[in-house]
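Colleague: Last residue of the sequence shown: 327 (our numbering), numbering continuous. Even for Gly, the Cβ is constructed at its ideal location relative to N, Cα and C. Note that the structure is a prediction, hence the values are computed from the model and not measured.
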Amino acid sequence: MSSNSITTHLRLFDSGGWVLPWQVAHQEGFFAEEGISVEFTEGERTEEALRQSTADLTKSYKETNLCAGNIDVYSACEWGIIKRVVELQSGKIIGNRRTVGMVHTIYVRENSGLNTPKDLAGVPIAVNFNSGSYFAAYEALENHGIPRNQIKLIHFGAPIKRAEALFTAQVEASSLMEPYSTLAQVKGFRPLLEYPGRGGWVGREKLDKPTLEAFYRAVAKAVDKINQQPEKYKEQLVNILVKDGIDAQTIDKVRAAIKVPRYLPPEPLSREGFDSTYRWMVERELIAPNATYEQVVDTQLVSA
């Protein structure tokens, strides 16, 4: 389809490194080639908004705006997209990546005395409730044998607030992703536990199948482009720190050290993937029970 044949307009929420393929699909013209025009919106950046972030999903920016019909698609962790659709009863899961290059990493001070993941038992860790930093940390710590009653996850909000909590010794550990992982490293903090990110998309209900297919194709092209030329898009990750007011000298160090994650093309959330993650959340009372795959997932692109 030519770039002069725009048939669909989508309002996308910009959630930083998670949606770099969306940004590249826009700037390289892949959305336009598929007949899609897009506009990006960002959440509020007040101190209160950054601290609250997704602690209360009924008040957080992207969730409330999708419910109100002001956003068409947003990205979140796999655990989070399920929780949002189940509990807010708005939208459908339209895409997923069970393995992505974006990695959740728990950082500690270099001289903290915390040397193995098991040392994190009982240690307060800065996270953002209802986000990947929370769910991934919970799952990773459990997988390392830490009892649930010794997992201490403390809400500090948006990534910059979790990083600041670590840098100012408000906590001994913090769960971060890029570009904040590299920021922590250049400031002398040490990675202790890594856990692969799992992410997906929530879209407004009744997005038609041709639009979903076109969106998938455009993002897949962007993923290929990023993986072939990661250095070309590095600055878009680094610029996230500019918005946070990080000083230029530190940003230069991050720019020199950061590696662009390797992305994978999207796919529908499978029934097996949903069942596994949803069951894990229900067993830990992290989500309302009794939801079904058909209620939560847009199945138009799911293979029969």
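Would you mind sorting residue 306 into buried or exposed? The rule is 16 or more other CB atoms within 10 Å of its CB.
Modeller: In the sequence shown, counting from the first residue as 1, residue 306 sits at position 283. Exposed, since its Cβ has fewer than 16 Cβ neighbours within 10 Å.
Colleague: List, from N- to C-terminal side, the alpha helix (DSSP H) runs of 4 residues or more that fit wholly inside the segment 116–204.
Modeller: 155–166 and 182–190
Colleague: For the segment 173–180 against the segment 142–149, do three or more pairs of beta-carbon atoms, one drawn from each stretch, fall closer than 8 Å, so that the two count as touching?
Modeller: yes
Colleague: Using the Cα positions of residue 54 and residue 260, report the straight-line distance between them to the nearest angstrom.
Modeller: The residue you call residue 54 lines up with position 31 of the sequence shown. The residue you call residue 260 lines up with position 237 of the sequence shown. Spanning the two alpha carbons is a distance of roughly 20 Å.
Colleague: How many angstroms separate the CA atom of residue 200 from the CA atom of residue 190?
Modeller: Taking the sequence shown and counting its residues from 1, one reaches residue 200 at position 177. Taking the sequence shown and counting its residues from 1, one reaches residue 190 at position 167. C-alpha separation (whole angstroms): 15 Å.
Colleague: Which residues in the same chain as residue 113 place their Cβ atom closer than 7 Å to its Cβ, once the five residues preceding and following it in sequence are excluded?
Modeller: Within the sequence shown, residue 113 is the residue found at index 90, counting from 1. Within the same chain, and ignoring the five residues on either side of residue 113 in sequence, the residues whose Cβ sits closer than 7 Å to its Cβ are 89 and 90.
Colleague: On the three-pair Cβ rule with 8 Å, is the segment 74–89 touching the segment 203–222?
Modeller: Contact between the segment 74–89 and the segment 203–222 is absent, because fewer than three Cβ pairs lie under 8 Å.
Colleague: Label residue 202 either buried or exposed according to how many other C-beta atoms from any shown protein chain fall within 10 Å of its C-beta, with 16 as the threshold for buried.
Modeller: The residue labelled residue 202 in the question sits at position 179 within the sequence shown. Burial call: buried.
Colleague: Hey, how far is the Cα of residue 34 from the Cα of residue 61?
Modeller: As a position in the sequence shown, residue 34 is number 11, starting the count at 1. As a position in the sequence shown, residue 61 is number 38, starting the count at 1. Taking the straight line from one Cα to the other gives about 6 Å.
Colleague: Starting from residue 303, trace the alpha helix (DSSP H) in both directions and tell me its first and last residue.
Modeller: As a first step, residue 303 is located in the sequence shown; it is residue number 280 there, counting from the start. Start and end: 294–306.
Colleague: Residue 48 and residue 241 - do their beta-carbons sit closer together than 8 Å?
Modeller: Translated into positions along the sequence shown, residue 241 becomes position 218. Translated into positions along the sequence shown, residue 48 becomes position 25. Between residue 241 and residue 48, the gap from beta carbon to beta carbon is short of 8 Å.
Colleague: Please report the residue range of the beta strand (DSSP E) in which residue 99 lies.
Modeller: Locating residue 99 in the sequence shown gives position 76, where the first residue counts as 1. Counting along the chain, the beta strand (DSSP E) containing residue 99 begins and ends at 96–100.
Colleague: With residue 139 and residue 94 assumed to form a contact (beta carbons below 8 Å), what rounded beta-carbon distance in angstroms separates them?
Modeller: Here the question's residue 139 lines up with position 116 in the sequence shown. Here the question's residue 94 lines up with position 71 in the sequence shown. Between residue 94 and residue 139 the Cβ distance is about 41 Å, and since that is not below 8 Å, they are no contact.
Colleague: Is residue 221 helix, strand or coil when you go by DSSP?
Modeller: Your numbering for residue 221 matches position 198 in the sequence shown. Looking at residue 221 - three-state DSSP - the assignment turns out to be coil, as it is neither helix nor strand.
Colleague: When the Cα atoms are used, what is the spatial distance from residue 81 to residue 111?
Modeller: Taking the first residue of the sequence shown as position 1, residue 81 is located at position 58. Taking the first residue of the sequence shown as position 1, residue 111 is located at position 88. Approximately 7 Å between the Cα atoms of the pair.
Colleague: I need the straight-line Cα distance from residue 130 to residue 162, nearest angstrom please.
Modeller: Start at 1 with the first residue of the sequence shown, and residue 130 comes out as number 107. Start at 1 with the first residue of the sequence shown, and residue 162 comes out as number 139. Going by the C-alpha atoms only, they are around 16 Å apart.
Colleague: Do residue 108 and residue 225 have their C-beta atoms closer together than 8 Å?
Modeller: Position 85 of the sequence shown holds residue 108. Position 202 of the sequence shown holds residue 225. In this structure, residue 225 lies closer than 8 Å to residue 108 by Cβ.
Colleague: In its own chain, which residues sit with a C-beta less than 7 Å from the C-beta of residue 67, not counting the 5 before and 5 after it?
Modeller: As a position in the sequence shown, residue 67 is number 44, starting the count at 1. Contacts found: 84.
Colleague: Taking residue 319 as part of the alpha helix (DSSP H), name the residues at either end of that continuous run.
Modeller: Along the sequence shown, one-based indexing puts residue 319 at 296. That run of the alpha helix (DSSP H) goes 316–319.
Colleague: Between the C-alpha atoms of residue 45 and residue 262, what's the straight-line distance to the nearest angstrom?
Modeller: Numbered from 1 along the sequence shown, position 22 holds the residue referred to as residue 45. Numbered from 1 along the sequence shown, position 239 holds the residue referred to as residue 262. Whole-angstrom Cα-Cα distance: 16 Å.
Colleague: With a cut-off of 8 Å on the beta carbons, I'd call residue 230 and residue 104 a contact; round off their distance for me.
Modeller: Taking the first residue of the sequence shown as position 1, residue 230 is located at position 207. Taking the first residue of the sequence shown as position 1, residue 104 is located at position 81. Their Cβ separation, rounded to whole angstroms, is 15 Å, which puts residue 230 and residue 104 out of contact at 8 Å.
Colleague: For residue 64, which beta-bridge partners are listed by DSSP?
Modeller: Reading the sequence shown from its first residue, position 41 is the one you call residue 64. Answer by DSSP bridge pairing, in chain order: 36.
Colleague: Pick from 30, 244, 173 and 314: whose alpha carbon is nearest that of residue 50?
Modeller: Locating residue 50 in the sequence shown gives position 27, where the first residue counts as 1. The option with the nearest alpha carbon to residue 50 is 244.
Colleague: Using 8 Å for Cβ pairs, my map puts residue 187 next to residue 128. What's the rounded Cβ distance?
Modeller: On the sequence shown, residue 187 is found 164 positions in, with the first residue counted as 1. On the sequence shown, residue 128 is found 105 positions in, with the first residue counted as 1. Rounded to the nearest angstrom, the Cβ distance from residue 187 to residue 128 is 16 Å, too far for a contact under 8 Å.
Colleague: What is the rounded straight-line gap between the Cα of residue 142 and the Cα of residue 132?
Modeller: For this step, residue 142 is matched to residue 119 along the sequence shown. For this step, residue 132 is matched to residue 109 along the sequence shown. Their backbone Cα atoms lie some 13 Å apart in a straight line.
Colleague: Using a Cβ-Cβ cut-off of 8 Å (strictly less than) and excluding sequence neighbours within five positions of residue 145, which residues of its own chain qualify?
Modeller: Along the sequence shown, read from residue 1 onward, the residue named residue 145 stands at position 122. Only 173 and 175 meet the Cβ criterion.
Colleague: Could you name the residues that DSSP lists as bridge partners for residue 212?
Modeller: Numbered from 1 along the sequence shown, position 189 holds the residue referred to as residue 212. Answer by DSSP bridge pairing, in chain order: 132.
Colleague: Do residue 280 and residue 193 have their C-beta atoms closer together than 8 Å?
Modeller: On the sequence shown, residue 280 is found 257 positions in, with the first residue counted as 1. On the sequence shown, residue 193 is found 170 positions in, with the first residue counted as 1. No. Outside cutoff.
Colleague: Helix, strand or coil: how does DSSP classify residue 322 here?
Modeller: Residue mapping note: residue 322 aligns to position 299 of the sequence shown, counting from 1. Coil, per DSSP.
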